[in-house]
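Residue numbers (the working numbering): 10 to 383.
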């Protein structure tokens with residue numbers, strides 16, 4: 010069987026596109042290397058810009074026990090802190106629960122979901138996978154930050170890797186905590202930051218991003234947490250006090266933040282495969298959903314014969330830049346600010362003195378609801 014669309018990657022971008030395209034009447038196959046449900050390194054916070062779209066996709070957020078989040082707290086290693094209302098707000102929900110729910114919805118809509126399946130090679134619409142060969146008229150890459158397909162396609166960010174000083178590692182735990190459930194916290198440490206917020210089941214996601222240079226040769230993740238992260242007194246308290254709900258943290262490495270090409274002659278890209286933005290200023294889960302929404306519209310128009318392949322790609326690149334270009338610019342500035350203790354001290358003190366400053370900055374990290382009728 011030849012499918013209309015093959016999607017590589019079953020995260021938020023891939024799953025949302027598969028549901029939309031199947032509903033539009035196209036045959037869709039989706040490949041995910043892991044088997045649902047599974048954990049992944051993610052802050053597990055979604056701004057309310059995406060909530061109505063998730064509901065449109067079929068996610069029952071109440072049944073999933075998503076936690077409403079309305080407030081933000083930021084702390085520094087100096088002990089200074091800032092609290093503010095979130096102008097738009099959001100929800101906390103684990104990827105373990107949400108991705109599984111969307112995968113089930115995709116199956117219900119008629120998508121062929123091949124989880125536990127690795128795509129080994131792609132050429133002229135033929136996908137060689139661990140489950141055999143598949144053929145598709147159009148291929149979409151929604152495979153996350155980097156994959157073997159990126160290497161095979163010799164993408165620019167693979168050819169020109171960033172220096173070690175710009176590479177990061179991400180670490181995530183689920184914990185039991187005694188924090189307000191409507192509060193998301195960001196705790197800064199030397200060249201990194203840690204977020205913690207409520208998710209379903211009275212649990213909390215505790216996820217941090219650190220420059221790889223913090224993990225010195227011979228150090229373990231635990232060593233880094235004690236020697237670097239715990240310089241922030243709040244993190245020192247949390248690492249000592251909060252119960253971890255699985256023995257080993259989920260860890261990813263070689264994370265770098267780049268705006269990548271959106272497509273080529275072989276494949277179109279969405280989600281992190283199209284561009285990875287600093288989590289504190291990018292709201293990555295919402296961006297993945299939004300990028301999938303933008304791309305599926307162009308793919309659908311092309312498959313219906315309304316636009317050419319070239320128009321499909323150029324329209325998507327235009328729409329993506331309009332939606333996210335400003336966020337990438339702000340992210341670069343915000344990342345530098347978070348890694349500059351004197352600047353963050355000044356910002357926190359200024360925002361405490363003049364609260365509207367915090368509101369203005371927070372608004373830059375949240376887009377507007379993008380789904381019609383939101």
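Backbone N, C-alpha and C fix where the C-beta goes; we use that ideal spot for every residue, glycine too.
Beta-bridge partners of residue i, as assigned by DSSP
i, result
"residue 278", "150"
"residue 92", "82"
"residue 236", "Partner(s): none; residue 236 has no beta bridge."
"residue 134", "DSSP output for residue 134 lists no bridge partner at all."
"residue 145", "12"
"residue 5", "Lying before the first or after the last residue shown, residue 5 is absent from the chain, which here runs from 10 to 383."
Three-state class that DSSP yields for residue i in the structure shown
i, result
"residue 215", "strand"
"residue 124", "strand"
"residue 314", "coil"
"residue 350", "helix"
"residue 36", "coil"
"residue 56", "strand"
"residue 77", "strand"
"residue 338", "helix"
"residue 18", "coil"
"residue 97", "strand"
"residue 309", "helix"
"residue 372", "helix"
"residue 109", "helix"
"residue 210", "helix"
"residue 357", "helix"
"residue 197", "strand"
"residue 202", "strand"
"residue 175", "helix"
"residue 224", "coil"
"residue 48", "coil"
"residue 87", "coil"
"residue 182", "strand"
"residue 262", "strand"
"residue 66", "helix"
"residue 192", "strand"
"residue 71", "coil"
"residue 320", "helix"
Under 7 Å between C-beta atoms of residue i and residue j
i, j, result
"residue 53", "residue 208", "yes"
"residue 276", "residue 150", "yes"
"residue 115", "residue 27", "yes"
"residue 8", "residue 328", "Outside the shown range of the chain (10 to 383) lies residue 8, about which nothing can therefore be said."
"residue 347", "residue 247", "no"
"residue 96", "residue 372", "yes"
"residue 140", "residue 12", "no"
"residue 196", "residue 254", "no"
"residue 213", "residue 260", "no"
"residue 220", "residue 252", "no"
Check: residue i C-beta below 6 Å from any heavy atom of the ligand ZN
i, result
"residue 94", "The ligand content of the structure shown is nil, which means the ligand ZN is not present either."
Rounded Cβ spacing between residue i and residue j (contact assumed at less than 8 Å)
i, j, result
"residue 180", "residue 50", "7 Å"
"residue 61", "residue 292", "In fact, because the Cβ distance is near 15 Å, the residues do not count as touching under 8 Å."
"residue 215", "residue 182", "5 Å"
"residue 43", "residue 125", "7 Å"
"residue 76", "residue 100", "6 Å"
"residue 121", "residue 138", "No, residue 121 and residue 138 are not in contact; Cβ-Cβ is about 12 Å, not under 8 Å."
"residue 192", "residue 158", "Incorrect: roughly 39 Å between the Cβ atoms, too far for contact."
Item to check | At least 3 beta-carbon pairs within less than 8 Å: the segment 14 to 26 vs the segment 297 to 316 | outcome: yes
Checklist entry - Touch check for the segment 102 to 114 and the segment 234 to 248: three-plus C-beta pairs under 8 Å? => result no
Checklist entry - Does the pairing of the segment 24 to 37 with the segment 81 to 92 give three or more beta-carbon distances under 8 Å? => result no
Item to check | contact_flag[the segment 334 to 344, the segment 58 to 66] where n(CB pairs < 8 Å) is 3 or more | outcome: In short, these stretches do not touch, since the Cβ pair count stays below three.
Checklist entry - Taking one C-beta from the segment 352 to 371 and one from the segment 87 to 94 each time, how about it: are there three or more such pairs within less than 8 Å? => result yes
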